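Residue numbers (our numbering): 2 to 188. All C-beta atoms in this analysis are idealised placements derived from N, C-alpha and C, irrespective of residue type, glycine included. Only a predicted model underlies this, so the values are computations on that prediction, with no experimental measurement involved. Encoded as structure tokens, the structure appears first; notes follow it.
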């Protein structure tokens, strides 16, 4: 056995060149052409060739996690995916969710598809790259929809009436990290 040509950065190592069943190690990506030669002292030489091909493995990178506040008043909230992939065909799919969040992937075969998430919570999307000859690669990304802040104030019928420079206690309930009341006394 002998290597007679190669493509890409593929290089072969023929472990037992004089054996018909030698193992061959190929480093790199591309093809190597091997020739088997047999020689007879009285009848000449015969050769045959075989091409070994090493394809690259598929890759998948789903991008960074994203978080947004819910689109007012009640969604859905839009995201744009930022995936990358090589050596295969791609598809996005939802594999998990929390809360009442549910995703709609507009173009599942686009690395930068728009995604609409209805509800509050997180969705986990999986990018899968499938190679015809080298299997699959996957990576996941989490999209989170946070609730908008809410505040509940007393209605006008139960709110205190203030006159002059009187002080009153203001009461409210807030579903946010920080709430503040501002009042200005008449001048």
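Residues in its own chain within less than 7 Å of residue i by CB, not counting five upstream and five downstream?
i           : result
residue 122 : 98, 99, 100, 101, 102 and 146
residue 10  : 29, 30 and 31
residue 48  : 36, 37 and 38
residue 1   : Because the chain here runs from 2 to 188, residue 1 falls outside it and cannot be looked at.
residue 45  : none
If you drop the 5 nearest sequence neighbours on each side, which residues of the same chain put their C-beta closer than 8 Å to that of residue i?
i           : result
residue 185 : Below a pLDDT of 50, predicted positions are generally treated as unreliable, and residue 185, at 49, falls in that range; the measurement from the model is reported next regardless. Once the five neighbours on either side are set aside, residue 185 has no close Cβ partner at all.
residue 177 : Any answer about residue 177 is weak, because its pLDDT of 49 lies below 50 and its placement is not dependable; what the coordinates show is given next. For residue 177, where only same-chain residues beyond five positions count, the Cβ hits under 8 Å are 150, 151 and 152.
residue 141 : 63, 96, 125, 126, 127 and 128
residue 94  : 106, 109, 126, 127 and 129
residue 23  : 2, 15, 16 and 17
residue 113 : 81, 82, 83 and 84
residue 58  : 88, 132, 135, 136 and 138
Should residue i be labelled buried (16 or more other beta-carbon atoms within 10 Å of its own) or exposed?
i           : result
residue 12  : exposed
residue 106 : buried
residue 52  : exposed
residue 20  : exposed
residue 138 : buried
residue 74  : exposed
residue 104 : buried
residue 136 : exposed
residue 14  : exposed
Leaving out five residues before and five after residue i in sequence, what residues of the same chain have Cβ atoms less than 6 Å from its Cβ?
i           : result
residue 28  : 12
residue 34  : 5, 6, 50 and 52
residue 8   : 31 and 32
residue 131 : 89, 90 and 137
residue 67  : 80 and 144
residue 26  : 14
residue 78  : 69, 71, 72, 118 and 146
residue 40  : 46
Do residue j and residue i come within 8 Å of each other at the CB atom, strictly closer than that value?
i           : j           : result
residue 118 : residue 82  : no
residue 56  : residue 134 : yes
residue 61  : residue 92  : no
Per DSSP, residue i forms a beta bridge with which residues?
i           : result
residue 101 : Paired residue(s): none; residue 101 is not in a bridge.
residue 67  : 144
residue 106 : 116
residue 28  : 12
Could you tell me whether the Cβ of residue i comes closer than 8 Å to any Cβ of chain B?
i          : result
residue 37 : Protein chains in the displayed structure number just one, and chain B is not present.
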